[in-house]
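If you read the sequence shown in this note's numbering, its first letter stands for residue 17, the second for the next number, and so on.
For every residue, glycine included, the Cβ atom is placed at its ideal position computed from N, Cα and C.
Treat the numbers as computed from the prediction; the structure is a model and nothing was measured.
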Amino acid sequence: MWHFLENKQIRFRIGLAVFLPLIVLVGLSAYQVNVKLAETRRIDRLSALVDLAPVISSLIHELQKERGMSAGFISSKGAKFADDIPAQRQHSDGALTAVNAAFAGDAAGLSESGLSPFIRDARQGLDQLPAMRKRISSLELPVKDAAAYYTGTIASLLGMIEQLAVVSDQPRVSRAVVAYMALLRAKEAAGLQRAMGAAGFGAGKFEHDVYVRFLAMIARQETYFEQFHRFASDAAQKFLSDTVSGPAVDEVARMQRVAVDSLRTGTTEGIQAGDWFKQITAKIDLLRLAEEFQNNELRQITQELRADARYDFNAILIGATIIALMTIGFALAMARTVTAPISAIVATIRRLSEGDTDVKVVGANRRDEIGAIARALKVFRDNAVEKVRLEGERQETEARNLADRNNAVMEMANRIERETKDSVTHVQDEAKRMAGVSAEMSRLTEQTGVNAQHVAAASNEMLTIAETVAAAAEELAASSDDIRRLASTVGDISRSATGEAQRAAQTISTLVEAANNVGSVLDLIKEIADKTNLLALNATIEAARAGEAGRGFAVVATEVKMLADQTAKATDKINSQVHGMRVASSDSATAIKEVSRVIDEVAQIASDVVSSVEQQREATQEISVNMQQNAQSSREVTERISDVSDAAKASSELAGGVLQTSEALQASVAALRQTINHMTRASAGADRRESERRDVNLPVTVVAGGARVDGRVANISAGGASIAVQGKFSPGEALTLQITGESKPITGKVVTYRPDEARLHVQFDQARAIGADKPAIEDPALKEKNSGNPIARAA
Numbered sequence: 017m018w019h020f021l022e023n024k025q026i027r028f029r030i031g032l033a034v035f036l037p038l039i040v041l042v043g044l045s046a047y048q049v050n051v052k053l054a055e056t057r058r059i060d061r062l063s064a065l066v067d068l069a070p071v072i073s074s075l076i077h078e079l080q081k082e083r084g085m086s087a088g089f090i091s092s093k094g095a096k097f098a099d100d101i102p103a104q105r106q107h108s109d110g111a112l113t114a115v116n117a118a119f120a121g122d123a124a125g126l127s128e129s130g131l132s133p134f135i136r137d138a139r140q141g142l143d144q145l146p147a148m149r150k151r152i153s154s155l156e157l158p159v160k161d162a163a164a165y166y167t168g169t170i171a172s173l174l175g176m177i178e179q180l181a182v183v184s185d186q187p188r189v190s191r192a193v194v195a196y197m198a199l200l201r202a203k204e205a206a207g208l209q210r211a212m213g214a215a216g217f218g219a220g221k222f223e224h225d226v227y228v229r230f231l232a233m234i235a236r237q238e239t240y241f242e243q244f245h246r247f248a249s250d251a252a253q254k255f256l257s258d259t260v261s262g263p264a265v266d267e268v269a270r271m272q273r274v275a276v277d278s279l280r281t282g283t284t285e286g287i288q289a290g291d292w293f294k295q296i297t298a299k300i301d302l303l304r305l306a307e308e309f310q311n312n313e314l315r316q317i318t319q320e321l322r323a324d325a326r327y328d329f330n331a332i333l334i335g336a337t338i339i340a341l342m343t344i345g346f347a348l349a350m351a352r353t354v355t356a357p358i359s360a361i362v363a364t365i366r367r368l369s370e371g372d373t374d375v376k377v378v379g380a381n382r383r384d385e386i387g388a389i390a391r392a393l394k395v396f397r398d399n400a401v402e403k404v405r406l407e408g409e410r411q412e413t414e415a416r417n418l419a420d421r422n423n424a425v426m427e428m429a430n431r432i433e434r435e436t437k438d439s440v441t442h443v444q445d446e447a448k449r450m451a452g453v454s455a456e457m458s459r460l461t462e463q464t465g466v467n468a469q470h471v472a473a474a475s476n477e478m479l480t481i482a483e484t485v486a487a488a489a490e491e492l493a494a495s496s497d498d499i500r501r502l503a504s505t506v507g508d509i510s511r512s513a514t515g516e517a518q519r520a521a522q523t524i525s526t527l528v529e530a531a532n533n534v535g536s537v538l539d540l541i542k543e544i545a546d547k548t549n550l551l552a553l554n555a556t557i558e559a560a561r562a563g564e565a566g567r568g569f570a571v572v573a574t575e576v577k578m579l580a581d582q583t584a585k586a587t588d589k590i591n592s593q594v595h596g597m598r599v600a601s602s603d604s605a606t607a608i609k610e611v612s613r614v615i616d617e618v619a620q621i622a623s624d625v626v627s628s629v630e631q632q633r634e635a636t637q638e639i640s641v642n643m644q645q646n647a648q649s650s651r652e653v654t655e656r657i658s659d660v661s662d663a664a665k666a667s668s669e670l671a672g673g674v675l676q677t678s679e680a681l682q683a684s685v686a687a688l689r690q691t692i693n694h695m696t697r698a699s700a701g702a703d704r705r706e707s708e709r710r711d712v713n714l715p716v717t718v719v720a721g722g723a724r725v726d727g728r729v730a731n732i733s734a735g736g737a738s739i740a741v742q743g744k745f746s747p748g749e750a751l752t753l754q755i756t757g758e759s760k761p762i763t764g765k766v767v768t769y770r771p772d773e774a775r776l777h778v779q780f781d782q783a784r785a786i787g788a789d790k791p792a793i794e795d796p797a798l799k800e801k802n803s804g805n806p807i808a809r810a811a
């Protein structure tokens, strides 16, 4: 049932809620209307009976007179009332005709009033009236039987009037009917008394039965009059007292005392039956007036009750109708007061759902539940407006951040291009300079070889001379001039060899310096290659983050990385060759220094020969020894010069290799420049951040190493946060964050902590959306990459 009602409109529910009590109200009203209608019908029947009562009472009155005359007629053996009976019978027939007409006019109403048995009995008695009259006229019927017939018929008629008390349930009607019936019964008793008195006075004495009935009628009258005074109104009692009085009443009282005393006195004091009948009939006529007054009062009561009943009936009917209409109207109004604002709220909600935030919320000033709904809807609308504003700001911020990121990436690309261009240019310059140095070194090496050959030739010649000198030592004494000349020649050759050796040593020193410079250049090239490799790695990572948009960028970054690797390998090869050249040059320098030293010794010896020419003779043996040493030294010089020549040849070969490598390095650097230019241009549109970082200002409690520190979250993304907090934190340290607005703590680890800025950077263990209106997307591959790549985390 409740599910059935849930699918119905509020108007239908309110109508149903009102319909049920309205049905009860209509039912109760219908019941009351029916009760009042039944009461009105009863009062109508009562009024009809009240209107019929005078007609019946008239018939009873005439039959009572006819009964009295008939009793007097029978008692007097036809001597009394013979002339009056026919006229009285005509009066009785006229009253009977009126009663029959009344019975025929309202047969259905009389039947509903329960008068059918009484009418039936009365009609049975009245149907016998002609036969009874005939028997009375023929004196065939005793007084007792005649009186019994009339009394029974009158009793049936009185029973119909007495039914008034049964028909009505109104106390006023019941009291009036009881008083009315008491008066009718008293009048009936007076009629019987009249008949018994006419019989007794007509016979001149009262027989025992007649006397007893005469006394009973007196007692019955007193009883009924007492009952009348108990239930009749004051006006009716006063009317009875004022009306039933006078000479006739007094005379009846006197005759009644005579009749009562007749059993003791044995006489009726000559009272004639006609006089008695006349006087008591006058009294009964007075009672008839009181009866009519009571009947009029009863009729007035029934009219008042009928008017009240009709008024109550109309009032209840009209009131129930008005209440029903008012209830329906009130229900419709109440339904309108509920459905109209609800319909307005529904329309407002529908417009809000369509994105119209300019809609006006009505009913917010109401104090009922609809007002509460309207106020809540107003808050919802304000939130929607605020959300639209925030969404606009967010879009503007995103656009601004995107522009900033693009500008930053462009700036980074330009800076990378600029710095890389400078570095590559520097590398090219150094490579060119290294090529020049290599060429110069090759030239100097070749010259050193030539000089070494000259030195070798001079050494050979000096050896020959030394051997000649040694051979001609014995001729020194005689050949001083020749010795001085030869010694001078040796000195010149030694000085020339020393100069050549010094120049070779200087060349070798320059070669060593150039080799060192080449090594520095190679270190710079290797550093640049390592940085280029690192940039290519970062570019590869950012291309992976950019997804489909960074695929071309990833290919370029891979080529850059390969070129950087090739550059590093070539640099390592050149470095090893330069190292060999450096070692060979160092050996050559050492050999040249040794040659220079030997030549210096030869020059010194030659000088000693020149200076000792004068002492040649004395030192011939010494000269011979010295010449032998000089020959040995010359042979050593020749051997050293041979080593220098070999080293110069090796240096020349290495210088050629360095030159080739420098040329290859220049080609690689040129290709690297083009690749880096392409890479930096391609990276201008890439988004380097994995997830959006939003600026917030949220309270947070950081739990790390058993300590709890309060701080504030400055900005946050799906994978991490930046927190302003004072404390001691180590990179990689596990911690737990309790952020306001989050139902569960967030675990993570420290990336960096800057004590001077009190800024903590945290990476979450699991990517999620914190206090954001976007759901977090968990990327296991990206999470694994971020967790294992500090450069990517830093980015």
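7 Å CB neighbourhood of Val377 in its chain, flanking five on each side removed: Thr364, Ala390, Leu393, Lys394, Arg397
Three-pair Cβ contact test at 8 Å for the stretch 715-733 versus the stretch 742-757: yes
Identity of the residue in Ile762, Gly722, Ala750, Ala723 nearest Ile732 by Cα: From the listed residues Ile762, Gly722, Ala750, Ala723, the smallest Cα separation to Ile732 is found for Ile762.
Those residues which DSSP pairs with Lys760 across a bridge: BP columns for Lys760 are empty, so no partner.
Chain-order list of residues whose beta-carbon lies under 7 Å from that of Ser172 (same chain, five-residue window excluded): Phe134, Asp137, Ala138, Gly141
Whole-angstrom distance between Phe309 and Ser73, CA atom to CA atom: 13 Å
Option in Ala560, Thr587, Ala289 with minimal Cα separation from Leu540: Thr587
Cut-off 7 Å between Cβ atoms - residues of its own chain near Val404, not counting five sequence neighbours on either side: Thr373
Alpha carbon of Phe119 to alpha carbon of Thr56, nearest angstrom: 21 Å
Assigned exposure category for Met176 - 16 Cβ within 10 Å defines buried: buried
Distance between beta carbons of Leu231 and Thr167, contact taken as under 8 Å: Their Cβ separation, rounded to whole angstroms, is 16 Å, which puts Thr167 and Leu231 out of contact at 8 Å.
CA-to-CA distance, Gln179 to Glu223, given in whole angstroms: The alpha-carbon of Glu223 is positioned some 36 Å away from that of Gln179.
Val572 - partner residues in DSSP beta bridges: DSSP lists no partner for Val572.
Which of helix, strand or coil DSSP assigns to Pro133: In the three-state scheme derived from DSSP, where H, G and I count as helix and E and B as strand, Pro133 is classed as helix.
Cβ neighbour criterion (16 or more within 10 Å) applied to Pro70: buried
Selected residue, minimal CA-CA separation from Asp384, among Pro357, Val375, Thr505, Glu669: Pro357
Which of helix, strand or coil DSSP assigns to Asn713: strand
Backbone CA spacing between Gln754 and Leu714 [nearest angstrom]: 10 Å
From Gly748, Ile544, Ile361, Ala206, residue whose alpha carbon lies closest to that of Asp781: Gly748
CB contact flag (Ala289, Gly110, <8 Å): no
Identified DSSP bridge partners for Thr768: His777
Stretch-stretch touch, CB-based, cutoff 8 Å, three pairs: the stretch 296-311 with the stretch 249-264: yes
Reference Gly80, options Arg201, Ala98, Ser63, closest by Cα: Reading the sequence as shown, one finds Gln at residue 80 and not Gly. That would be Arg201, whose Cα lies nearest to the Cα of Gln80.
Ala164, DSSP secondary structure in three states: helix
Within 8 Å, strictly: CB atoms of Glu313 and Ala252: Yes, the Cβ-Cβ distance between Glu313 and Ala252 is below 8 Å.
Beta-carbon proximity list for Gly94, same chain, < 8 Å, skipping 5 on both sides: Taking C-beta separations shorter than 8 Å and ignoring five residues to either side along the sequence, the partners of Gly94 in its chain run Leu155, following chain order.
Beta-bridge partners of Gln754, as assigned by DSSP: Partner(s): Thr717.
Span separating the alpha-carbon of Phe35 from that of Tyr47: 18 Å
Helix, strand or coil at Val274 according to DSSP, with G and I counted as helix: In the structure shown, Val274 sits in a helix (DSSP, three-state: H, G or I).
Nearest-angstrom beta carbon gap, Ala584 and Asp546 [assumed within contact, 8 Å]: Right, the Cβ-Cβ distance comes to about 7 Å (below 8 Å), so this counts as a contact.
Rounded Cβ spacing between Ala206 and Leu303 (contact assumed at less than 8 Å): 6 Å
Pairwise C-alpha distance: Gln237 and Leu279: In this structure, the CA atom of Leu279 is about 21 Å from the CA atom of Gln237.
Simplified DSSP state of Val729, which is helix, strand or coil: strand
Proximal residues to His77 (C-beta, below 7 Å), its chain only, five neighbours per side dropped: Once the five neighbours on either side are set aside, the close Cβ partners of His77 are Arg304.
Close Cβ partners of Tyr165 (< 6 Å) along its chain, the five nearest in sequence each way excluded: Met148
Assigned secondary structure, Asp738 (DSSP; H/G/I helix, E/B strand, else coil): One point to set straight first is that residue 738 is Ser, not Asp, in the sequence displayed. Three-state DSSP puts Ser738 in a strand.
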